[in-house]
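Residue numbers for the sequence shown, in mature numbering (1 follows the signal peptide of the UniProt record, and there is no 0): -16 to -1, 1 to 107.
Note that CB positions come from ideal geometry on N, CA and C, so glycine has one too.
Reviewing the structure listed below.
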Amino acid sequence: MQFALPLLALAAAVSASSPIEAAWNVTRSYNDVSQQVVGVQITAVFVSEEYPQGLESKCSWVEKGRIYGVSCTPDTFSVEPQDDGYTLKVQQTIEKPTKQVVYGEGEVPRKGHAVIPVNARVA
Ligand SMILES: *[C@@H]1O[C@H](CO)[C@@H](O)[C@H](O)[C@H]1NC(C)=O
């Protein structure tokens, strides 16, 4: 296997040079407070070229027929859960490479995770 090492080195170089797509990895969990009331928690980790380690935010809200009391920390991140129970609209103020607000929208399972790409940026 004389080729193994150079090929591995090449693969590593290629993956290191391809840019990181700016996106959130959003994980959702919930607990049934009662038959009608559900507490929802999400963790959103924003990753981009400038934030390879990720910026973590957490939000929670209550679903009781409607959606109540959405709150997030830090407050640079916010989420609008949609009535379908799956779709989340997210936005975050970031400082790098320049100060801007990034937006995304995607479906996240009730219990599980999904990647929501940045679909708009406003300086
Ligand atoms: C997203 O987060 C979940 C939970 O922490 C993790 O299991 C998963 O590997 C992450 N996915 C990506 C693409 O980072």
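How many angstroms separate the CA atom of residue 7 from the CA atom of residue 19? 34 Å
For a test of the three-state rule: what should DSSP assign to residue 98, helix, strand or coil? Residue 98: strand per DSSP, three-state reduction.
Mind listing, in chain order, the residues whose beta carbon lies closer than 6 Å to a non-hydrogen atom of ligand 1? Residues flagged by the Cβ proximity filter: 9, 11, 97, 99.
Hey, out of 43, 12, 24, 23, whose CA is closest to residue 76's CA? 43
Alpha-carbon to alpha-carbon, residue 39 and residue 105: 17 Å
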